[in-house]
Amino acid sequence: MDLITLDFETYYDKDYSLKKMTPVEYVLDPRFEVIMLAVKYPGRDPFVLEEHQIQAWLDTLDPNKTCFITHNALFDMCIMAWKYRFIPRLMVDTFGVARAMLGHILRTVSLKAVAIHLNLGFKGDYVGKVIGMRAADIKAAGMWAGYTTYNIGDAVLCEGIYDALVRSGDFPMSEVVFMDTVLRMALQPRFVLDQTALAAHLMNIQTEKQNLIASVTTMGASGKSDLMSNDKFASLLEGLGVEPPMKVSPTTGRTTFAFAKTDTDFLELQDHPDPRVQALVAARLGVKSTIEESRTERLLAISRLHWGHLGYAALMPIPLRFSGAHTHRLSGDWKLNMQNLPVRKGNLIRSALTAPPGWKVVAIDSSQIEARLVAWLCGARDLLEQFANKLDPYSIFASFVFGRTITKADKSERFLGKTSILGMGFGVGWKKFQNTVKVSSLEQTGTQIILTDEEANRFVNTYRNVNHQVPTTWRILNENIRILAGGHGNFSIGPCSFHASRIRLPSGLDLKYHDLQNTGDGWVFSYGGKPRRLYGGALLENIIQALARIIISDASTRIRARLSVLGIHLALQVHDELVYIVPDEFVPAVQTLLTEEMDRRPAWAPDLPLASECSYGQTYGDCK
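Just so we're aligned, residue 41 is where the sequence shown starts under the numbering used here, counting upward by one.
Here is the structure:
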């Protein structure tokens with residue numbers, strides 16, 4: 041296979057740039073222009089192609105025998121796929137590789153930062169000199185040679201990163217394949233966006249915010265700005281006789297208002313005896329929450345793009361970051377966060393993701409995979425047998441707590457059992473459990489459940505007593521954090537072995553614990569330049585999430601090998617769920633195939649009972 045490193049340089053200006061646009065909006069914009077493309081083969085001098093030369097060069101390549109290497113493939117490969125209709129057999133994104141290998145050390149894995157870290161040299165800054173200039177302008181200004189040198193320099197650095205992190209053998213080949221799969225979700229979009237549904241959803245969001253603002257005008261709030269401003273909002277609370285909650289900022293050390301949606305004192309005001317205070321807090325939270333509104337606006341904009349010669353209409357690329365989290369799970373990109381699609385409000389965003397006529401959306405979800413892994417890794421045999429025998433662990437646990445038989449008909453009680461089994465394996469305390477139940481119960485049961493402190497404690501203590509192997513594992517892991525900090529000894533748990541600053545995973549990747557220190561208040565490590573606490577429960581959560589990610593990514597790779605011959609590819613991955621767009625006639629067979637692969641036990645855990653749920657519909661929302 042030909043390994044070819046690429047780097048595109050394209051036109052941009054103050055208003056038209058990737059700082060303000062997603063790559064799909066940028067590449068499909070009429071203003072888009074490729075200025076040059078740097079090409080680097082191993083062991084050969086790099087060269088630059090002008091825009092009119094690129095297609096002729098691509099015509100010399102066999103897509104089935106080509107591997108493209110780029111830094112930030114979600115940009116360069118979009119150009120290659122959408123402008124030149126060339127998708128190679130394999131794509132390697134050194135940006136994603138660097139995130140997986142160096143994300144624990146570096147605040148950013150930009151080409152510049154990674155190159156410096158690996159002592160490969162310094163990235164040039166010539167691109168800043170050509171802002172607002174077309175290729176003809178650059179040539180006329182006598183700047184073509186300088187820009188060419190800059191472009192070649194980026195390709196050489198990218199190849200150097202590949203050599204240092206991938207060609208050296210440190211980066212597993214299985215992860216290269218999975219990375220390619222992730223990239224294809226963006227490059228080969230399968231979903232069609234329902235513009236009508238998105239427009240209706242946007243109107244509902246905006247109307248809801250307007251109603252929230254209107255509901256608090258009698259309390260002195262003159263508009264959105266009064267709710268957004270911390271000082272003005274504090275004055276509104278004081279006007280109702282409420283002392284604004286305060287906190288010490290962890291970054292500045294200064295005392296400031298505790299008005300964040302994660303601040304406990306602020307959230308407790310939702311239950312204030314004065315309904316006016318409740319309304320004011322609800323209005324603040326509603327107005328400050330912009331994610332769903334901005335995402336819907338962005339999706340609408342994408343649905344209206346013109347795909348030109350590709351002949352597409354309203355297609356939705358799915359941009360995901362390979363190894364976007366510490367545990368190597370995927371994360372969202374392009375400020376769309378397609379890893380966190382809300383299930384509330386009638387699945388409106390999910391329902392806007394549709395299959396084209398004659399096709400169906402088929403989704404398969406690995407059921408309770410983290411809870412199953414916790415039971416398996418900790419040796420909680422009773423819980424593991426319940427999963428293996430296809431019993432209902434949620435009802436069984438709720439029965440322990442309530443002292444009577446709980447069935448699926450006991451909706452609220454079973455919900456509490458489910459929340460316990462799925463959430464308490466990582467050391468959750470009674471307060472967090474209490475808040476989780478309060479927030480999620482209304483959506484899932486139709487009734488808001490508010491537990492007393494005593495009731496919440498009873499659930500936590502019962503879980504830890506019934507599944508006593510789990511807290512025992514927390515303690516064992518906590519004792520062995522010292523090995524990660526460079527202490528002597530050997531320790532393994534399941535397929536994971538402990539070493540200084542890292543845990544080796546069965547995938548060949550590591551969980552990294554950079555600069556791990558005991559501060560006196562506990563262990564703290566650094567990831568991406570930010571401190572994180574580490575203790576037994578958190579360490580178990582890291583391991584479990586990493587193992588779950590490996591199981592799902594391995595399953596997606598096996599499925600890819602079986603379905604690609606039918607032209608069926610992964611359209612979306614949301615944590616433990618894989619989603620495909622499938623021709624109507626293939627739906628039953630594909631469901632069987634997906635179930636086979638998703639339930640296949642990994643070689644490193646032959647006694648781990650896995651199970652999955654597969655569904656289909658015309659939209660992604662129909663699969664829920």
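Yeah, the Cβ is synthetic: ideal placement off N, Cα and C, and Gly gets one too.
In this text, all values refer to a predicted model and were calculated from it rather than measured experimentally.
- Put simply, the backbone Cα of S566 is about 31 Å away from that of S596.
- Less than 9 Å divides the Cβ of M225 from the Cβ of P357.
- Taking every protein chain shown into account, the CB of T188 has 16 or more other CB atoms within 10 angstroms, so this residue is buried.
- For the pair of segments examined, the segment 124–135 was found not to touch the segment 162–170: the number of CB pairs separated by less than 8 Å stays below three.
- For T110, the uninterrupted beta strand (DSSP E) segment begins and ends at 106–110.
- DSSP places C118 outside any beta strand (DSSP E); the residue lies instead in the alpha helix (DSSP H), whose first and last residues are 113–122.
- The continuous stretches of alpha helix (DSSP H) do not include L551, which lies in the beta strand (DSSP E) extending over residues 550–552.
- R230 counts as buried, since at least 16 other C-beta atoms from the protein chains shown sit within 10 angstroms of its C-beta.
- Taking the CA atoms as reference points, L462 sits about 30 Å from N530.
- DSSP lists R542 as the beta-bridge partner residues of H539.
- Contact between the segment 341–357 and the segment 277–293 is not established, with fewer than three Cβ pairs separated by less than 8 Å.
- For V321, the uninterrupted alpha helix (DSSP H) segment begins and ends at 315–328.
- Counting only residues of its own chain and dropping the five nearest sequence neighbours on each side, R640 has a CB closer than 8 Å to the CB of A595, R598, L650.
- In the DSSP annotation of this structure, I156 is not part of any beta strand (DSSP E); the continuous alpha helix (DSSP H) holding it starts and ends at 151–157.
- Taking a C-beta distance under 9 Å as the contact criterion, C663 and S652 do not qualify as a contact pair.
- Relative to A403, the option among L345, L205, T45, E617 whose CA is nearest is E617.
- By the C-beta density criterion, R324 is buried, having at least 16 other C-beta atoms within 10 angstroms.
- Straight-line spacing of the CA atoms in V206 and Q658 works out to 40 Å.
- Here the C-alpha atom of M268 lies approximately 17 Å from the C-alpha atom of M286.
- In this structure, the CA atom of I446 is about 35 Å from the CA atom of F306.
- Of the candidates I94, K375, R421, the residue whose Cα lies closest to the Cα of K60 is K375.
- Here C654 is bridged, per DSSP, to I404.
- Per DSSP, I145 lies in no alpha helix (DSSP H) and is assigned neither H nor E.
- Around the beta carbon of E637, 16 or more other beta carbons sit within 10 angstroms, so the residue counts as buried.
- According to the DSSP assignment, R504 belongs to the alpha helix (DSSP H) that extends over 493–506.
- Less than 9 Å separates the beta-carbon of E410 from that of Q585.
- In this structure, the beta-carbon distance from T50 to E73 falls below 9 Å.
- Between L46 and A78, the beta carbon gap of about 7 Å places them in contact (Cβ cut-off 8 Å).
- Nearest to V217 by C-alpha distance, out of E625, C418, S547, is S547.
- Assigned with DSSP and collapsed to three states, E248 falls in helix.
- By the Cβ criterion, the segment 251–261 is in contact with the segment 322–342, since at least three pairs of Cβ atoms, one from each stretch, lie closer than 8 Å.
- Note that the C-beta distance between L587 and L545 is below 9 Å.
- Counting along the chain, no alpha helix (DSSP H) covers D133; the unbroken beta strand (DSSP E) around it starts and ends at 130–133.
- Going by beta carbons, V137 and M41 fall outside the 9 Å limit.
- Among the bridge pairs identified by DSSP, Q557 is matched with V564.
- Of the other Cβ atoms in all chains shown, fewer than 16 fall within 10 Å of the Cβ of I331; this residue is therefore exposed.
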